[in-house]
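Sequences listed follow chains Y and D, in order.
Just so you know, the first sequence maps onto residues 9 to 279 in this note's numbering.
Just so you know, the second sequence maps onto residues 9 to 279 in this note's numbering.
Glycine residues also receive a C-beta, built at the ideal position from the N, C-alpha and C atoms.
In this text, all values refer to a predicted model and were calculated from it rather than measured experimentally.
Have a look at the structure below before the remarks.
There are 2 protein chains.
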Amino acid sequence: MLSWVDGRPAEAASVTDRGLAYGDGLFETIGVKRGRPQLLERHLARLAEGCTRLAIPADLTLIRAELLAFSAEVGEGVAKLIVTRGEGLRGYASPADAKARRVLLASSFPAYPAVNAEQGIRLFPCVTRLAEQPLLAGLKHLNRLEQVLARSEWHDSEHAEGLMLDVSGRVIEGVYSNLFMVRDGRLITPELSRSGVAGVMRAELLARAEGLGIPVAIEAVSQAQLLAADEVFVCNSLYGVWPVCALQAHHWPVGPLTRKLQRLARDLLDC
Amino acid sequence: MLSWVDGRPAEAASVTDRGLAYGDGLFETIGVKRGRPQLLERHLARLAEGCTRLAIPADLTLIRAELLAFSAEVGEGVAKLIVTRGEGLRGYASPADAKARRVLLASSFPAYPAVNAEQGIRLFPCVTRLAEQPLLAGLKHLNRLEQVLARSEWHDSEHAEGLMLDVSGRVIEGVYSNLFMVRDGRLITPELSRSGVAGVMRAELLARAEGLGIPVAIEAVSQAQLLAADEVFVCNSLYGVWPVCALQAHHWPVGPLTRKLQRLARDLLDC
Numbered sequence: 009m010l011s012w013v014d015g016r017p018a019e020a021a022s023v024t025d026r027g028l029a030y031g032d033g034l035f036e037t038i039g040v041k042r043g044r045p046q047l048l049e050r051h052l053a054r055l056a057e058g059c060t061r062l063a064i065p066a067d068l069t070l071i072r073a074e075l076l077a078f079s080a081e082v083g084e085g086v087a088k089l090i091v092t093r094g095e096g097l098r099g100y101a102s103p104a105d106a107k108a109r110r111v112l113l114a115s116s117f118p119a120y121p122a123v124n125a126e127q128g129i130r131l132f133p134c135v136t137r138l139a140e141q142p143l144l145a146g147l148k149h150l151n152r153l154e155q156v157l158a159r160s161e162w163h164d165s166e167h168a169e170g171l172m173l174d175v176s177g178r179v180i181e182g183v184y185s186n187l188f189m190v191r192d193g194r195l196i197t198p199e200l201s202r203s204g205v206a207g208v209m210r211a212e213l214l215a216r217a218e219g220l221g222i223p224v225a226i227e228a229v230s231q232a233q234l235l236a237a238d239e240v241f242v243c244n245s246l247y248g249v250w251p252v253c254a255l256q257a258h259h260w261p262v263g264p265l266t267r268k269l270q271r272l273a274r275d276l277l278d279c
Numbered sequence: 009m010l011s012w013v014d015g016r017p018a019e020a021a022s023v024t025d026r027g028l029a030y031g032d033g034l035f036e037t038i039g040v041k042r043g044r045p046q047l048l049e050r051h052l053a054r055l056a057e058g059c060t061r062l063a064i065p066a067d068l069t070l071i072r073a074e075l076l077a078f079s080a081e082v083g084e085g086v087a088k089l090i091v092t093r094g095e096g097l098r099g100y101a102s103p104a105d106a107k108a109r110r111v112l113l114a115s116s117f118p119a120y121p122a123v124n125a126e127q128g129i130r131l132f133p134c135v136t137r138l139a140e141q142p143l144l145a146g147l148k149h150l151n152r153l154e155q156v157l158a159r160s161e162w163h164d165s166e167h168a169e170g171l172m173l174d175v176s177g178r179v180i181e182g183v184y185s186n187l188f189m190v191r192d193g194r195l196i197t198p199e200l201s202r203s204g205v206a207g208v209m210r211a212e213l214l215a216r217a218e219g220l221g222i223p224v225a226i227e228a229v230s231q232a233q234l235l236a237a238d239e240v241f242v243c244n245s246l247y248g249v250w251p252v253c254a255l256q257a258h259h260w261p262v263g264p265l266t267r268k269l270q271r272l273a274r275d276l277l278d279c
């Protein structure tokens, strides 16, 4: 497996890294095709926002260059980029001379069953709820125990994704994806000001939908609203869009707006 | 700096470790005196509970043996033990063959100002609130971005610790410590069922106080109750007990029960 640490081939990073100690960092999971990282600007923009909000002194120009060079070596697959606050011996206080660490990991592209995109997926109803922490909401940071717990709730292959609510019972996202629904021709996705990860594909679809004149809303979504939706789908930056056809006994049809955005995502990821 | 990975001297761990990827693990910070880890049974008990709750398949007998051998090499100082779920390439799902990783890091004992223990400390009023996540509350897990954010709020040396509330405004703990207060002869510490770290020294003091016939309560604590307390102190397993003498304009006297428990903690850490 190909991996780089701070721009050089390496399989290990210092045990004093604050990423290991505190999850003090961010990550991006990026599809790579024909040696190029997909949705590069969106990934870098989210990373930059995360670095600003966590005050991680990362050199985004350097990170872009490393990501491009790494992707050229990967060719086809997935590049995972981890950016941490760097090393520190003990204590939560950031060292004055903190220097952001970059880790790049390659893996092969996941072998998603074609049926997921074609016929849609079933959502597993996760019991693990997302805590509400406005200071971290939206970021793809390294504190991901909630997702680890949620993903441990099911072991069958019948469910391709799990539905996560926040501790107040609002619908937020999938374990690996963002969630959208369609109601009366309007595209709706949960607002992520208290929990959740603001995905790159979510941002891209929101921008494209607006550009196409589709009414878009980012708002709180209740479980009742989700069940009453005309269409539901999940998205992420690797597979694009998967229709959601079922949650327990409830079924949704695969609708026209889902198909339209699915084609759009496919085109984005093909280029 | 002395460090071990999986029982052997090493300065780096695999970049595919789930501790780095997701903060998928736990840690203990353990004082070492005359080659022996302090409060060993309490640390191991908390670690065991954390491994059970997170379903991390750790070998506690092996961890005990490694910790004892490591402490003998350290002599005097601090041993930080990190236990992660081990390696995994990508995805939140735990690999079927997950093997817990142990990282041990030595550092010198912190040079705490003597005035902290003697005259008491000022608490910084942290704006960063603790999210409420019952599934993780009490654990000393590796998802510590809230503490990193809270500790970044002050840079002066006037404040030795920060006060953390939860998102509902309840008093929970210090950034590095647990908090106790005394009211009408009763020893009170915040309950930690929704957030916070259940410290080893907190558990020890609660057990000892009960043994001494001191009325003890573990309950929700409001900011008003904290201000109305007769005595306030913080504790952790390295320094024992520090009286709290001020929070902004509010002052507390250093009281007799604080001094009694401080002596008790000192005796515990001296042996």
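Residue from A56/Y, R61/Y, E81/Y whose Cα sits closest to the Cα of I71/Y: Answer by Cα proximity: A56/Y.
Buried or exposed: P251/D, going by 16 or more other Cβ atoms within 10 Å of its Cβ? In this structure P251/D is buried. Its beta-carbon is surrounded by 16 or more other beta-carbon atoms within 10 angstroms.
The beta strand (DSSP E) that contains T69/D, what's its start and end? Per DSSP, T69/D belongs to no beta strand (DSSP E); it is in the alpha helix (DSSP H), 68-82.
Please work out which residues of its chain come closer than 7 Å, Cβ to Cβ, to E81/D, disregarding the five sequence neighbours upstream and downstream, and give them in chain order. If we look at E81/D and ignore the five residues flanking it on each side, its Cβ neighbours are L10.
Identify each residue in the segment 74-85 of chain D for which the Cβ-Cβ distance to at least one residue of chain Y is less than 9 Å, and report them in chain order. In summary, no residue of the segment 74-85 of chain D has a CB separated from any CB of chain Y by less than 9 Å.
Run through chain Y and tell me which residues come within less than 9 Å of G27/D, C-beta to C-beta. Listed along chain Y, the residues sitting closer than 9 Å to G27/D by beta-carbon distance are G27, L28, A29, G31.
Just tell me which of I226/Y, R216/Y, G221/Y has its CA closest to the CA of L200/Y. For L200/Y, the nearest C-alpha among the options comes from I226/Y.
Endpoints, the beta strand (DSSP E) within which R26/Y is located: Not the beta strand (DSSP E): R26/Y falls in the alpha helix (DSSP H), residues 26-30.
Taking the beta carbon of Q127/D as the centre, do at least 16 other beta carbons fall within 10 Å, making it buried, or is it exposed? It counts as exposed.
Is the Cβ-Cβ distance between L157/D and L143/Y less than 8 Å? Contact flag set, yes.
Touching or not, the segment 158-168 of chain Y and the segment 157-174 of chain D, by the rule of three or more beta carbon pairs under 8 Å? At 8 Å Cβ cutoff, the stretches do not touch.
Residues of the segment 42-62 of chain D whose Cβ lies closer than 8 Å to any Cβ of chain Y, in chain order: Residues of the segment 42-62 of chain D with a Cβ closer than 8 Å to any Cβ of chain Y, in chain order: L62.
Ends of the beta strand (DSSP E) at K88/D? K88/D: member of the beta strand (DSSP E) spanning 85-92, first to last residue.
Starting from V23/D, trace the beta strand (DSSP E) both ways and give me its first and last residue. From DSSP, V23/D is part of no beta strand (DSSP E); its letter is neither H nor E.
Output the boundary residues of the alpha helix (DSSP H) element that contains L157/Y. Going by DSSP, L157/Y is part of the alpha helix (DSSP H) stretching over 153-159.
Taking only three categories from DSSP, how would you classify M189/Y? Secondary structure at M189/Y: strand, using DSSP grouped into helix, strand and coil.
In angstroms with no decimal places, state the Cα-to-Cα distance between R50/Y and R210/Y. Taking the straight line from one Cα to the other gives about 10 Å.
Neighbour-count burial assignment, Q270/Y, 16 or more Cβ in a 10 Å radius: Residue environment: Q270/Y is assigned as buried (16 or more neighbouring CB atoms within 10 Å of its CB, all protein chains considered).
CA-to-CA distance, V240/D to L234/D, given in whole angstroms: Here the C-alpha atom of L234/D lies approximately 8 Å from the C-alpha atom of V240/D.
With a threshold of 16 other CB atoms inside 10 Å of the CB of G31/D, please say whether the residue is buried or exposed. The residue in question, G31/D, is buried, as its Cβ has 16 or more Cβ neighbours within 10 Å.
Just verifying my parser: in three-state terms, what is the DSSP assignment at M281/D? Limits of chain D in this structure are 9 at one end and 279 at the other, which puts residue 281/D out of reach.
Determine the DSSP secondary structure at R178/D, reduced to helix, strand or coil. Per DSSP, reduced to three states, the secondary structure at R178/D is coil, with no helix or strand assignment.
Please determine if the segment 242-249 of chain Y and the segment 215-230 of chain Y are in contact, where contact requires at least 3 C-beta pairs separated by less than 8 Å. Judged by pairs of C-beta atoms under 8 Å, the segment 242-249 of chain Y does not touch the segment 215-230 of chain Y, as fewer than three such pairs exist.
Return the chain-ordered ranges of every alpha helix (DSSP H) run that is complete within the segment 83-142 of chain D and spans a minimum of 4 residues. Runs found: 122-127.
Decide yes or no for the touch test of the segment 22-42 of chain D against the segment 89-103 of chain D: beta carbon pairs closer than 8 Å, at least 3 of them. Touching, per the Cβ criterion.
Could you give the residue range of the alpha helix (DSSP H) that holds R271/Y? That run of the alpha helix (DSSP H) goes 264-278.
8 Å contact criterion, which V183/D and G204/D should meet: CB distance rounded: Actually they do not touch by this definition, with Cβ atoms about 11 Å apart.
So the candidates are Q46/D, P17/D, A21/D; which of them puts its Cα closest to the Cα of D275/D? The shortest CA-to-CA distance from D275/D to any of Q46/D, P17/D, A21/D is the one to Q46/D.
Just verifying my parser: in three-state terms, what is the DSSP assignment at G204/D? Of the three classes helix, strand and coil, the one that applies to G204/D here is coil, per DSSP.
Comparing alpha-carbon positions, which option in S245/D, T266/D, K268/D, A20/D lies nearest L112/D? Ranked by Cα distance from L112/D, the first of S245/D, T266/D, K268/D, A20/D is A20/D.
Establish whether the CB of R159/Y and some CB of chain D are separated by less than 8 Å. Answer yes: the Cβ-Cβ gap between R159/Y and chain D drops below 8 Å somewhere.
Expected contact under 8 Å - CB spacing of R178/Y and C253/Y to nearest Å: Rounded to whole angstroms, the Cβ separation of R178/Y and C253/Y is 22 Å, and the two are not in contact under 8 Å.
Beta-carbon of Y100/D versus every beta-carbon of chain Y: anything under 8 Å? The beta carbon of Y100/D sits closer than 8 Å to some beta carbon of chain Y.
Where L150/Y sits in the DSSP three-state scheme: Looking at L150/Y - three-state DSSP - the assignment turns out to be coil, as it is neither helix nor strand.
Are the C-beta of H149/Y and some C-beta of chain D separated by less than 8 Å? At least one chain D Cβ lies under 8 Å of H149/Y.
Could you name the residues of the same chain whose beta carbon sits closer than 6 Å to that of V262/D, not counting the 5 residues immediately before and after it, in chain order? Around V262/D: G128, P251.
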